[in-house]
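Residues 2 to 98 (the working numbering) are what the sequence shown spells out, left to right.
Ideal Cβ positions, reconstructed from N, Cα and C, are used throughout, including at glycine.
Reviewing the structure listed below.
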Amino acid sequence: MQKANTKLEKPINQPLSSHIFRHTLLSTLAEKNAIMVRVEHKNAKTVNNIYTHVSKRMEQATLKVLNTISLNRKYIRSNLDKYITIAKTFVEIHLTF
Numbered sequence: 002m003q004k005a006n007t008k009l010e011k012p013i014n015q016p017l018s019s020h021i022f023r024h025t026l027l028s029t030l031a032e033k034n035a036i037m038v039r040v041e042h043k044n045a046k047t048v049n050n051i052y053t054h055v056s057k058r059m060e061q062a063t064l065k066v067l068n069t070i071s072l073n074r075k076y077i078r079s080n081l082d083k084y085i086t087i088a089k090t091f092v093e094i095h096l097t098f
């Protein structure tokens with residue numbers, strides 16, 4: 002541990018147990034959408050609640066998705082009249098035949 006601490010920018014100043022490595026591994030697997038069969042919890046909710054804490058990468062991915070949804074909503078709202086006109090025209094053309 003001392004060797005690892007000398008290489009780290011922020012040394013770890015607390016005792017570590019093997020459980021922290023399990024937590025880290027399972028969080029990484031969850032982040033990569035890997036199947037977590039080996040966890041051996043009876044309830045999948047337990048796995049999600051305990052091991053899928055938000056990492057920076059997961060948080061950034063979530064924000065990217067939410068921003069995309071938000072931008073799409075704004076675009077659709079700003080062009081709603083155009084979409085309605087296109088839909089009405091489409092219906093009129095297809096109902097006249």
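- Residue 15 carries a coil assignment under DSSP once its states are collapsed to helix, strand and coil.
- Taking all protein chains in view, the Cβ of residue 27 is crowded by 16 or more other Cβ atoms within 10 Å, so the residue is classified as buried.
- Each of 15, 3, 74, 30 was checked against the Cα of residue 58, and the nearest Cα belongs to 30.
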